[in-house]
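Asker: Under the UniProt record's numbering, the residue at position 32 of the sequence shown is numbered 32, and the numbers go up by one with no gaps.
One structure, pasted below without further comment.
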Amino acid sequence: MRRRGFTLIELMIALAVAALIAAFAVPSYRRQIDRGHRLGAVTALYRVAQDLAERDGFETTGQGEGMELGTAPEQGPPVYRLSAEPAPAGGYWLSATPVPNGPMRDDPCGTYLLRADGLRGNRPPGASGPGVPRPECWTMR
């Protein structure tokens, strides 16, 4: 009589292979999710810039105030908060800031910045100022 089923060693090998696949798949999956969130932020900034260009600029409601423009993505839980502020030399800065408890709060790209003339930048978490553009944050390849 021949028994059917797995031996303990076969089961251990199968579990080791599954763990190895998961060890490579989960970080890759996480990178793709992060790329999707970044793409959503960049797309939202360009959409707002286009809307402001069609309206002939940015108007504040008071002295040096900015305005909240909603969140990205438009549906689902917010990942980035969008806002616009007047730039010191004229024009405006659009920003997409990760929400404090969101999935991108510790992202090295930090806050995305887009100026009225098309200048792009990234402000890392905890930094101030306009920041510098990071190609890996703006290029979605």
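Every residue, glycine too, gets a C-beta built ideally from N, C-alpha and C.
Predicted model only: the values in this text are computed from it and were never measured.
Checking the sheet assignment: what are the DSSP bridge partners for residue 86?
Answerer: Taking the first residue of the sequence shown as 1, we reach residue 86 at position 86. Answer is 92.
Asker: Any C-beta of chain C sitting closer than 7 Å to the C-beta of residue 102?
Answerer: Included in the structure is just one protein chain, with no chain C present.
Asker: Whose C-beta lies closer than 7 Å to the C-beta of residue 109 among residues of the same chain, with five residues either side of it excluded?
Answerer: Position 109 of the sequence shown, counted from the first residue, corresponds to residue 109. Answer for residue 109: 38, 122, 134 and 137, listed in chain order.
Asker: Measure the Cβ-Cβ separation of residue 119 and residue 45 and say whether it is below 7 Å.
Answerer: Against the sequence shown, residue 119 aligns to sequence position 119. Against the sequence shown, residue 45 aligns to sequence position 45. No, they are not a contact pair.
Asker: Among the candidates 87, 112, 23 and 127, whose CA atom is the shortest distance from the CA of residue 79?
Answerer: Position 79 of the sequence shown, counted from the start, is the residue given in the question as residue 79. Considering only alpha carbons, the answer is 112.
Asker: Between the C-alpha atoms of residue 48 and residue 106, what's the straight-line distance to the nearest angstrom?
Answerer: By one-based count along the sequence shown, residue 48 stands at place 48. By one-based count along the sequence shown, residue 106 stands at place 106. Between residue 48 and residue 106, the C-alpha separation is close to 24 Å.
Asker: Per DSSP, residue 102 is paired with what?
Answerer: Residue 102 sits at position 102 when you count from the first residue of the sequence shown. For residue 102, which the question treats as bridged, DSSP gives no partner whatsoever.
Asker: Hey, would you say residue 70 sits closer than 7 Å to residue 82, going by beta carbons?
Answerer: Residue numbering aside, residue 70 sits at position 70 when the sequence shown is read from its first letter. Residue numbering aside, residue 82 sits at position 82 when the sequence shown is read from its first letter. Taking 7 Å as the Cβ cut-off, residue 70 and residue 82 qualify as a contacting pair.
Asker: Using CA coordinates, which residue listed in 25, 116 and 30 is at the minimum distance from residue 89?
Answerer: As a working note, residue 89 is residue 89 in the sequence shown. With distances taken between Cα atoms, residue 89 lies closest to 116.
Asker: Rounded to whole angstroms, how far is the Cβ of residue 73 from the Cβ of residue 40, which I believe are closer than 8 Å?
Answerer: Your numbering for residue 73 matches position 73 in the sequence shown. Your numbering for residue 40 matches position 40 in the sequence shown. That pair is a contact at about 5 Å.
Asker: In the structure shown, what three-state DSSP assignment does residue 10 receive?
Answerer: Residue mapping note: residue 10 aligns to position 10 of the sequence shown, counting from 1. Of the three classes helix, strand and coil, the one that applies to residue 10 here is helix, per DSSP.
Asker: How long is the line joining the alpha carbons of residue 91 and residue 42, rounded to whole angstroms?
Answerer: As a working mapping, residue 91 is identified with position 91 in the sequence shown. As a working mapping, residue 42 is identified with position 42 in the sequence shown. Approximately 19 Å, taken between the alpha carbons.
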